[in-house]
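A short write-up of the structure that comes next.
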Amino acid sequence: MEEVIFENLRCHPPPRNAPILPPRRVQSERLHIDGDILSYIVNDEDKVGVYIAADPLTQDRNYYEVEILDSGLQGTIAIGLGPSRYPLDCQPGWNVDSIGYHADDGRLYKSCGIGRPFGSKCLTGDRIGCGIKFDQTDVSGVRPLVKVFFTRNGDEIGTVVVPWPHGGLFPIVGLHSEGEELELHLDSHFQHDEVILMTVDNIDDEWSRLHQIRLNGCIMEYTGRGKKLIDVGLAQARSPLDPTYHYFELEIVDPGENCSIAIGLARRDYPKHRYPGWNIGSIAYHADDGKVFVGSGVGEPFGPQCHKDYQIAPVNSKESILLLLLLNKCR
Numbered sequence: 000m001e002e003v004i005f006e007n008l009r010c011h012p013p014p015r016n017a018p019i020l021p022p023r024r025v026q027s028e029r030l031h032i033d034g035d036i037l038s039y040i041v042n043d044e045d046k047v048g049v050y051i052a053a054d055p056l057t058q059d060r061n062y063y064e065v066e067i068l069d070s071g072l073q074g075t076i077a078i079g080l081g082p083s084r085y086p087l088d089c090q091p092g093w094n095v096d097s098i099g100y101h102a103d104d105g106r107l108y109k110s111c112g113i114g115r116p117f118g119s120k121c122l123t124g125d126r127i128g129c130g131i132k133f134d135q136t137d138v139s140g141v142r143p144l145v146k147v148f149f150t151r152n153g154d155e156i157g158t159v160v161v162p163w164p165h166g167g168l169f170p171i172v173g174l175h176s177e178g179e180e181l182e183l184h185l186d187s188h189f190q191h192d193e194v195i196l197m198t199v200d201n202i203d204d205e206w207s208r209l210h211q212i213r214l215n216g217c218i219m220e221y222t223g224r225g226k227k228l229i230d231v232g233l234a235q236a237r238s239p240l241d242p243t244y245h246y247f248e249l250e251i252v253d254p255g256e257n258c259s260i261a262i263g264l265a266r267r268d269y270p271k272h273r274y275p276g277w278n279i280g281s282i283a284y285h286a287d288d289g290k291v292f293v294g295s296g297v298g299e300p301f302g303p304q305c306h307k308d309y310q311i312a313p314v315n316s317k318e319s320i321l322l323l324l325l326l327n328k329c330r
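One point on numbering: in numbering that gives the first Met the number 0, the residue at position 271 of the sequence shown is 270, and numbering is uninterrupted.
Following this line, the structure appears as structure tokens:
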């Protein structure tokens with residue numbers, strides 16, 4: 000399909016002595032970039048902070064995703080696609096040849112400042128993605144038409160047809176209120192939930208997801224930076240608790256600097272950067288303060304603080320709940 004879309008580039012090769020163009024670079028304005036973490040920079044003009052990836056989506060890399068680490072004051076975060084020369088002060092979808100899904104209102108914007116209802120609003124901990132179904136491209140017209148799809152927490156929301164601009168469609172992210180922060184995953188691959196659960200990354204079959212955690216037999220060790228609240232380690236079990244296997248426990252071998260260890264139950268797609276109990280659909284006991292957290296960042300006194308050699312465990316669950324063990328060196 001890329002051969003059809005880019006055939007005009009092959010038909011007109013550059014002169015033999017043409018200068019070598021420098022590699023593409025990321026474009027951004029009013030954003031603080033720390034690795035894959037993007038944070039909005041408040042400015043007097045109240046302009047949008049925009050990130051444009053260095054490369055367009057291709058058949059091999061046809062999807063990207065962001066995880067909202069903090070929705071800030073207004074949650075005006077948007078993701079989408081557009082040309083490489085897209086204005087660095089406009090949300091994706093506002094201008095010509097662009098499309099964007101906006102987290103604050105769940106609307107889809109396509110080359111226009113007025114959106115239409117499309118999906119749900121997105122909050123802290125949600126994952127939203129955008130990709131292209133290259134195998135369904137329509138090349139019958141003057142300009143190829145590609146199908147762009149959006150996802151929320153691993154589920155496809157919908158698809159919309161978009162003209163393919165000269166040079167391709169680049170991932171574009173916009174942020175527009177104080178405190179907004181997200182993690183960008185340009186190498187993501189869209190898979191159905193059933194496939195994700197089967198991915199173990201060559202580790203013990205009991206675990207479906209390990210993030211910033213090293214597994215050595217039954218011993219888990221935190222490997223993250225431990226500098227911010229988002230630097231959380233996650234170990235998520237492959238199977239939910241059930242009437243037969245309704246209990247699990249852990250023993251604290253080393254409490255680390257602050258014993259910021261939590262154990263609990265949560266939904267399958269629980270965000271990897273949040274302690275269990277902090278988000279809706281989860282409950283957890285936190286070892287450092289002995290509090291229980293039930294879908295909220297505010298805990299209630301529940302039990303004693305835990306230290307080395309303590310054993311802690313939750314009991315019972317629903318069919319859709321999986322266990323989570325999160326470790327972090329700081330809070």
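Ideal Cβ positions, reconstructed from N, Cα and C, are used throughout, including at glycine.
Note that the structure is a prediction, hence the values are computed from the model and not measured.
Locate the beta strand (DSSP E) running through residue i, then write down its first and last residues.
i, result
"I127", "126–137"
"E220", "218–221"
"R23", "That residue, R23, is in no beta strand (DSSP E); it is neither H nor E in DSSP."
"I260", "259–266"
"P278", "What sits at residue 278 in the sequence shown is Asn, not Pro. Where N278 is concerned, there is no enclosing beta strand (DSSP E), given that its DSSP letter is neither H nor E."
"V252", "From DSSP, V252 is part of no beta strand (DSSP E); its letter is neither H nor E."
"R213", "212–215"
"V291", "290–293"
Figure out for me which residue from the options has the closest Cα to the Cα of residue i.
i, options, result
"L68", "E180, L37, V95, L214", "E180"
"L122", "D288, R273, H306, P303", "R273"
"D230", "E182, V291, E205", "E182"
"G157", "Q135, F117, F189", "F117"
"L333", "Q26, V41, G112, R266", "The first residue shown for the chain is 0 and the last is 330, placing residue 333 beyond what the model contains."
"G331", "D103, D288, D287, L264", "Given a span of 0 to 330 for the chain in the structure shown, any question on residue 331 remains unanswerable."
"K227", "M219, D33, E205, Q26", "D33"
"G173", "D154, Y100, N257, E220", "Y100"
"S295", "W277, N152, I131", "W277"
"N94", "S110, D104, D103, G105", "S110"
"F247", "C217, G223, I171", "C217"
From residue i to residue j, what does the alpha carbon distance come to, in whole angstroms?
i, j, result
"D88", "L107", "18 Å"
"R126", "P254", "31 Å"
"H165", "A77", "23 Å"
"V161", "E28", "25 Å"
"T150", "E250", "38 Å"
"G79", "Y85", "12 Å"
"R142", "Y50", "26 Å"
"I98", "V159", "9 Å"
"I212", "I262", "15 Å"
"G48", "H175", "6 Å"
"G92", "G81", "8 Å"
"H31", "Q90", "17 Å"
"G114", "H245", "46 Å"
"A53", "H306", "47 Å"
"S259", "N61", "38 Å"
"D192", "E155", "With a pLDDT of 46 at D192, under the threshold of 50, the modelled position of this residue cannot be trusted; read the value that follows with caution. Straight-line Cα distance between these residues: approximately 11 Å."
"G225", "T75", "28 Å"
"K132", "K146", "5 Å"
"F189", "E64", "9 Å"
"L37", "P303", "38 Å"
"D35", "D96", "26 Å"
"V199", "A283", "With a pLDDT of 38 at V199, under the threshold of 50, the modelled position of this residue cannot be trusted, and the question is left open."
"H285", "G105", "33 Å"
Identify the residues that DSSP records as bridge partners of residue i: which are they?
i, result
"A331", "Given that the chain is displayed from residue 0 to residue 330, the structure contains no residue 331 and the question cannot be resolved."
"A236", "W206"
"L37", "I32, L181"
"F149", "C129, G157"
"Y108", "G99"
"H285", "A261"
"E299", "V291"
Length-filtered (3 minimum) beta strand (DSSP E) runs lying within the segment 44–95: 48–51, 62–70, 77–81
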